[in-house]
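Asks:
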Amino acid sequence: MKRFGPIAIILIGLLVLAGMRWTMPRYERITGPIAFAGKPDAWVDTGNLAVRAGPPQLARTIRFKALGKVEERTSAGIWLVVPVRSRVDHATAHVYGRIWVTPDGRRYRASGRVEDGDVVLTGTKTLQPGLERKDLVVFELPAELANGEGALLLSEERDPQLTAQARITYPAAVPASPAKLLDLDELHAKL
Amino acid sequence: MPSSEPLHTPMSERRMRWIAIIAIIVLLPFTMLVSGWRDWREVRRAQAWQPVDVASARAVAYDGALVRLVDIHALPPDPGLAKDRTFLRARLLVEPRRPGTKWLDCRISLIDAASHDWAAIETVPDLLQRALAKPGEVKGAGCDGLAVSEAKPGAQVFVDSYYLLPRPLPAGLRVTLSTRDGRPAYLRFSQGTVQ
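Chains as they are written, first to last, in the numbering used here: chain A, 248 to 438; chain B, 26 to 220.
1. Determine the contact status of Pro124 (chain B) and Ala90 (chain B), defining contact as a CB-CB distance below 8 Å.
2. Does the CB of Ile133 (chain B) have a neighbour CB from chain A at under 8 Å?
3. Does the Cβ-Cβ distance between Val361 (chain A) and Gly397 (chain A) come in under 8 Å?
4. If I measure Cβ to Cβ from Val367 (chain A) and keep anything under 6 Å in the same chain, skipping five residues before and after, which residues do I get?
5. Measure the Cβ-Cβ separation of Lys312 (chain A) and Asp365 (chain A) and say whether it is below 8 Å.
6. In this structure, how does DSSP classify Leu428 (chain A) when only helix, strand and coil are distinguished?
7. Please work out which residues of its chain come closer than 8 Å, Cβ to Cβ, to Met26 (chain B), disregarding the five sequence neighbours upstream and downstream, and give them in chain order.
8. Assuming Pro425 (chain A) contacts Arg307 (chain A) under a Cβ cut-off of 8 Å, what Cβ separation, rounded to an integer in Å, is found between them?
9. Arg110 (chain B) and Leu378 (chain A) - do their beta-carbons sit closer together than 8 Å?
10. Starting from the beta carbon of Leu189 (chain B), find every residue of chain A whose beta carbon is closer than 8 Å, and list them in chain order.
11. Please state whether DSSP places Ile256 (chain A) in a helix, a strand or coil.
12. From A:Ala340, A:Asp336, A:Gly370, pick the residue whose C-alpha is nearest to that of Ile464 (chain A); which is it?
13. Which same chain residues end up closer than 7 Å to Pro407 (chain A) when comparing Cβ atoms and leaving out the 5 residues on each side of it in sequence?
14. Inspect the CB distances between the region 55–75 of chain B and the region 204–214 of chain B and report whether three or more fall short of 8 Å.
15. From B:Ala45, B:Val184, B:Pro104, pick the residue whose C-alpha is nearest to that of Gly167 (chain B); which is it?
16. Please compile the residues from chain B whose C-beta is within a distance smaller than 7 Å of the C-beta of Thr339 (chain A).
17. Kindly provide the ranges of any beta strand (DSSP E) runs that are 3 or more residues long and lie completely inside the region 366–399 of chain A, ordered along the chain.
18. Ordered along the chain, which non-local residues of its own chain (more than five positions away) have a Cβ less than 8 Å from that of Ala265 (chain A)?
19. For Leu113 (chain B), which three-state DSSP category applies?
20. Let me make sure I understand the geometry here. Which of A:Leu431, A:Ala420, A:Thr410 has the alpha-carbon closest to that of Thr278 (chain A)?
21. So, at 8 Å on beta carbons, what are the nonlocal neighbours of Asp88 (chain B) in its own chain, with the 5 sequence-adjacent residues on each side left out?
22. Alpha carbon to alpha carbon, what distance is there between Pro376 (chain A) and Arg63 (chain B)?
23. Three or more C-beta pairs closer than 8 Å, one from the region 139–147 of chain B and one from the region 186–206 of chain B: is that the case here?
24. If you draw a straight line from the alpha carbon of Glu391 (chain A) to that of Leu429 (chain A), how long is it in whole angstroms?
25. Can you have a look at Thr270 (chain A) and say buried or exposed, based on whether 16 or more other CB atoms are within 10 angstroms of its CB?
26. Go ahead and pull the three-state DSSP assignment for Gln181 (chain B).
27. Mind checking the region 98–113 of chain B against chain A and listing, in chain order, the residues whose C-beta falls within less than 8 Å of any C-beta there?
28. What does Pro150 (chain B) reach in chain A if we use C-beta pairs closer than 9 Å?
29. If we ignore side chains and look at the alpha-carbon of each, how far apart do Lys249 (chain A) and Arg39 (chain B) end up?
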């Protein structure tokens, strides 16, 4: 019996270690963003950055003004355009983190193909205290994933770690058929 | 039976163990202290938390240079600009006091009485620079390391920074300046009249 004592201790130790290993959260999760959840058409305040995102629009082609010229962009997938109002409470900031999460967990960063657009929210657009902005956040998604369901993640940092991130969840809705052509400047003017 | 002592006696093993324990007790805090000190220095260089109040129009020594706030003025109302906002320019006069004064990570910002903090515009259009320039004045430089470090000791460098603020202008606007080697201290110029 005495001989089995140390073996039992080793086995229990191994089980405890294995349990700790299996239940340990991933490092990215421990040091991940601090989520501030919100709904569409409601302000989400993350401390400094506050955002209010409207309903997303789907389109096969988008048209927008960029550097004094009218540009058109088609896509092999679908364009998903989200109108966003934003403001900062106490310090100048940028919205470097712009991500769309699809229902199956895939994450898409805002499209780089529309970065020059006058009305498109990009990392170069600055938020100043006391001055609210209205912009459009544009994503390019595979057609099968673009039905308007998902979550919009907005943050001051591109990859926030232990800092705030607004998460606006869009519930499943009757899939709207994408517009053939969406004029971003017209949509922006209506905000 | 050999008469000589064995190489490892129980006593020497015990002594070795004690030496190891004492080494850990000494080395561990020392290592933490060295790496902690390095991190602490980086934190100090990143954060400005010691304000140095400077009276209006007075020059003060900061990070190897004499610094004075020349003026701060706003763009007059313009029909082409939205009524709820305006642009401002703050001008500082910097005189390096030693050769190769390196002003790295220079930050000039505007703060108001409610602690709102406006950072300078990063890319300033020429049109805005011209609109905010005063007749006959010397062209100013941006607050980067080059403008100050290339200047000879005693030379005068005008450093301009531009801001976008809501109109009417917030109460109690003040200019603040800090550099990497100057932090955690930062200059906070006393409230002058924004022209």
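Ideal placement from N, C-alpha and C gives every residue a C-beta, glycine not left out.
Keep in mind it's a predicted model, so treat the numbers as computed, not measured.
Replies: Inspection of the coordinates gives the following:
1. Going by C-beta atoms, Pro124 (chain B) is not nearer than 8 Å to Ala90 (chain B).
2. It does not: the Cβ of Ile133 (chain B) has no partner Cβ on chain A nearer than 8 Å.
3. Taking a C-beta distance under 8 Å as the contact criterion, Val361 (chain A) and Gly397 (chain A) do not qualify as a contact pair.
4. Result list for Val367 (chain A): Val361, Leu383, Val385, in chain order.
5. Yes.
6. For Leu428 (chain A), the secondary structure class from DSSP, reduced to helix, strand or coil, is strand.
7. Because Met26 (chain B) sits at a pLDDT of 47, beneath the cut-off of 50, its placement in the model cannot be relied upon, and the point is left open.
8. That belief holds up - the Cβ atoms of Pro425 (chain A) and Arg307 (chain A) are roughly 5 Å apart, short of 8 Å.
9. Note that the C-beta distance between Leu378 (chain A) and Arg110 (chain B) is below 8 Å.
10. Thr373, Gln375, Leu378, listed in chain order.
11. When secondary structure is reduced to three states using DSSP, Ile256 (chain A) falls in the helix class.
12. In the structure displayed, chain A extends from 248 to 438; residue 464 (chain A) sits before or after that span and is not available.
13. If we look at Pro407 (chain A) and ignore the five residues flanking it on each side, its Cβ neighbours are Pro280, Gly344.
14. With the cut-off at 8 Å, the region 55–75 of chain B and the region 204–214 of chain B touch.
15. Nearest of B:Ala45, B:Val184, B:Pro104 to Gly167 (chain B), Cα basis: B:Val184.
16. Contact note: Thr339 (chain A) reaches chain B through Asp142, Trp143, Ala144, using a C-beta cutoff of 7 Å and chain order.
17. The region 366–399 of chain A contains these whole beta strand (DSSP E) runs: 380–388.
18. Within the same chain, and ignoring the five residues on either side of Ala265 (chain A) in sequence, no residue has its Cβ closer than 8 Å to its Cβ.
19. In the three-state scheme derived from DSSP, where H, G and I count as helix and E and B as strand, Leu113 (chain B) is classed as strand.
20. Nearest of A:Leu431, A:Ala420, A:Thr410 to Thr278 (chain A), Cα basis: A:Thr410.
21. The beta carbon of Asp88 (chain B) sits closer than 8 Å to the beta carbons of Thr126, Trp128, Thr204, Asp206, Gly207 from its chain, once the five residues preceding and following it are set aside; these are given in chain order.
22. Here the C-alpha atom of Arg63 (chain B) lies approximately 34 Å from the C-alpha atom of Pro376 (chain A).
23. Enough Cβ pairs lie closer than 8 Å, so yes.
24. Answer to the nearest angstrom: the Cα atoms are 19 Å apart.
25. Burial call: exposed.
26. DSSP, read as helix, strand or coil, puts Gln181 (chain B) in coil.
27. Shown in chain order are the members of the region 98–113 of chain B whose Cβ falls below 8 Å from a Cβ of chain A: Asp109, Arg110.
28. For Pro150 (chain B), none of the residues of chain A pass the 9 Å Cβ criterion, the least Cβ distance being about 13 Å.
29. Straight-line measurement puts the Cα of Arg39 (chain B) at about 29 Å from the Cα of Lys249 (chain A).
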